[in-house]
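If you want the numbering used here, it's the 1-based position in the sequence shown plus 7.
Below is one structure, written out as structure tokens, with a few remarks after it.
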Amino acid sequence: MRLHYYTLKYLTLALLIIIAIWAALFYAYILDEVYDNIDDGLRNSKIEIIKEAYKNPEILNTRKFGINHFRITPLPPGNYSSKNQITNTLEHWETDADDENDEPIRILTTAFYDVEEKPYKLEIKTSMIEKDDLLADLGIALINLYFMLIISIFALNYFLLKKAWKSFYNLLLKLKNYTLGSQEKFISPDTKIKEFQNLEQVIEKMVQRNEHTFSLQKLFISNAAHELQTPLAISINKLELLAEDPGITESQMKEISSINDSLNRLVRLNKSLVMLTKIEVSQFAEKENILFNEFIKNSRDDFSDLTIHKNISVSIEEKGKFEFEMDKGLAIILINNLFKNAIVHNYSSGTISFLITDSYFIIRNTSTLPALDPDQIFNLFYKNAGNSQSIGLGLALVKNIINRYPDLSIEYYFDGMQNFKVSRVY
């Protein structure tokens, strides 16, 4: 989810809760203000009516609510409180002939005395605003306000935040396109935002440290490869010379042969580890369009001596062209390791078959081995007990190459034959 959508989602929920609480408080406040205004009007009307009753006693004969919305009823002699009593009720409003529904009415009731000290009850009523209408009007207004706020916030998020985060996205794009060990230096984009400036400084320092570590690691790999290969080559040559000595006995020859085999395995192990490390530190960064059909055919030709020696038949079925953009050297290592694995773990007079389509290719081989563990087969130094000569790095190299390309995947399965499927991820 993009940042401004993530922000908008939580702002929308927060505003919904805040406006709901605010609406309830606003409704209570408005209703209280309306009641206060109505009550003030009723009290003022009371004062005016009593004053007029002193001037014009005829008003004291008003027994029914009329156009003036008050009535005066005589009371028996006694002491009565002049305190106002205000109540609410529902009744038909006489002046509204077109409306037959009861409406909310607020009534002020009090007692007063005329000039002759006779007690009277005064009742004044007035129409109130209907709560349902007030709630409906307030609700419509708040819904419109809510959507206007959401649209405004969305626009602000889209334009203002997009502009504010532009330098961040530029920095992210730079990091995506940056390759460790490339000759092009990492240069962070300019920004006026302090937090992004700090982020860029931290990233630049981190990149510099990684570049330094990367250079040291490449130097170590190069030195280690040469330092190990030289004594191994010398040891193997000396053993070969020693094997040619006519005084060597048969038992000594067997020991020399065993040592020579171990040294050769160490040479292969050294080469595989160096290659694995080179892949992990991204020394294969070039990309070109690779047609795997041709590479598979070339690999078949390169290993023809081995397949003829073991009497293994190789077939290639092409149902399409599997093309992928990657480093050419890695593509060769990928195919060769899968092919070599199929030969090494095969038996005499076995078969190896390739199926190539536009979206994947499969290499299948017969094998005396049972199904392998798909969760362990690509791990370093994983070896089946049936082959002691394997160093357990071929498939680990394959997996490391596949992991460098998010659009590639590899799958192992067993259906009576060992199957490795390399697919393009869509």
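Ideal Cβ positions, reconstructed from N, Cα and C, are used throughout, including at glycine.
All of these numbers come straight from a predicted model, not from anything done at the bench.
Can you tell me whether residue i is buried or exposed? The criterion is at least 16 other CB atoms within 10 Å of its CB, across all chains shown.
i: Thr117; result: buried
i: Asp47; result: exposed
i: Leu49; result: buried
i: Ile384; result: buried
i: Glu301; result: exposed
i: Asn44; result: exposed
i: Ile417; result: buried
i: Ile297; result: buried
i: Val405; result: buried
i: Ala171; result: exposed
i: Ile37; result: exposed
i: Arg7; result: Shown here, the chain extends from 8 to 433; a query on residue 7 therefore has no answer.
i: Asn95; result: exposed
i: Ser265; result: exposed
i: Asn75; result: exposed
i: Leu248; result: exposed
i: Ala21; result: exposed
i: Val209; result: exposed
i: Asn86; result: exposed
i: His352; result: buried
Would a C-beta distance cut-off of 8 Å place residue i and residue j closer than the cut-off?
i: Leu145; j: Tyr34; result: yes
i: Glu324; j: Ile363; result: yes
i: Met333; j: Asn372; result: no
i: Phe299; j: Phe346; result: no
i: Thr19; j: Ile157; result: yes
i: Pro126; j: Tyr120; result: yes
i: Ala30; j: Leu149; result: yes
i: Leu239; j: Val274; result: yes
i: Ile241; j: Asn267; result: no
i: Phe166; j: Ile131; result: no
i: Ile93; j: Leu129; result: no
i: Ile315; j: Ile342; result: no
i: Leu376; j: Tyr419; result: no
i: Glu295; j: Lys335; result: yes
i: Lys53; j: Leu115; result: yes
Can you round the beta-carbon distance between residue i and residue j to whole angstroms, since I take them to be within the 8 Å contact cut?
i: Val122; j: Tyr42; result: Contact doesn't hold; Cβ gap of about 34 Å is too wide.
i: Ile370; j: Phe427; result: 5 Å
i: Ser174; j: Phe203; result: 5 Å
i: Arg307; j: Tyr367; result: Contact doesn't hold; Cβ gap of about 18 Å is too wide.
i: Asn164; j: Thr14; result: 6 Å
By DSSP's criteria, residue i is part of a beta bridge. Which residues make up the other side?
i: Thr117; result: Leu129
i: Met213; result: For Met213, which the question treats as bridged, DSSP gives no partner whatsoever.
i: Glu324; result: Leu362
i: Glu295; result: Met333
i: Phe302; result: Its beta-bridge partners do not exist; DSSP assigns none.
i: Val429; result: Phe368 and Ile417
i: Thr94; result: Ile114
i: Ser134; result: Ile112
Checklist line | the stretch 348-361 in contact with the stretch 311-322 per 3-pair CB rule at 8 Å | finding: With a cut-off of 8 Å, the stretch 311-322 and the stretch 348-361 count as touching, because enough Cβ pairs lie within range.
Notebook entry, point to check: Quick one: any contact between the stretch 52-68 and the stretch 165-185, if contact means 3 or more CB pairs under 8 Å?
Noted result: Under the three-pair Cβ rule at 8 Å, the stretch 52-68 does not count as touching the stretch 165-185.
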